[in-house]
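**Student:**
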Amino acid sequence: MFSKEEEKKMRLEFWQGFDAYCKTMGKTKKWILQDTGIKPVNLKFDIDRRQALVGVDIISHDQERRLYYYEKFESLKTILQTALGDDLYWELEYTLAEGKEIARIASILPEVNLYAPETWERVHSFFFEKMTALETIFLEYRDFIRYKPAYGSN
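This note's numbering puts the sequence shown at residues 217 to 370.
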């Protein structure tokens, strides 16, 4: 077990290492992540003690709105699976640790650990490869995903 300060330091080292990895791969711009232009849709990196994931979180208190965006991504399933792999995790009703319900679509890398530096290289490569593919698809289909007159511009 690590102290909170040690965990904080390791998290910082992990993300600084990922930033350096991205630069070596030619990534000069920031990742889209929450700045998708579609309020309920966030692109996401995450790593904990068991796994890493790259995916889409659809965050809205309105269940109908979550379903709308989830179905938009579901209609792109073949494209997403071709780019990210057939083993995508699709969860319309995913509950976060704090109890908030969202929809999540993710590619998961098991058996890695934020606090095990020997796994970081695999995670950095996984994050870069999957998020590059996900961003490319998202940018290409953003207008298709966004459109719904009942919800205005988003």
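In this text, a Cβ means the ideal position worked out from N, Cα and C, and glycines have one as well.
These numbers come from a predicted model, not from an experiment.
1. So which of T311, L355, L312 and W306 has the shortest CA-CA distance to I324?
2. So, is G271 buried or exposed, given that buried needs 16 or more other C-beta atoms within 10 angstroms?
3. For the region 283-295 against the region 331-349, are there 3 or more C-beta pairs whose distance is under 8 angstroms?
4. Output yes or no for whether 8 angstroms exceeds the beta carbon distance between R227 and D273.
5. Quick one: give me the first and last residue of the beta strand (DSSP E) that W317 is part of.
6. Looking only at its own chain, which residues have a Cβ that is under 7 angstroms from the Cβ of R265, when we skip the five neighbours before and after it?
7. Give me the DSSP bridge partner(s) of W306.
8. Verify whether the separation of the beta carbon atoms of V339 and A268 is less than 8 angstroms.
9. Does the beta-carbon of T298 have 16 or more other beta-carbons within 10 angstroms, so that it is buried, or is it exposed?
**Tutor:** Taking the definition as stated:
1. Cα-wise, what sits closest to I324 is W306.
2. buried
3. With a cut-off of 8 angstroms on Cβ pairs, the region 283-295 is not in contact with the region 331-349, counting fewer than three such pairs.
4. no
5. One point to set straight first is that residue 317 is Glu, not Trp, in the sequence displayed. Taken as a continuous stretch (DSSP letters only), the beta strand (DSSP E) holding E317 covers E317 to P326.
6. N329, L330 and Y331
7. I321
8. yes
9. exposed
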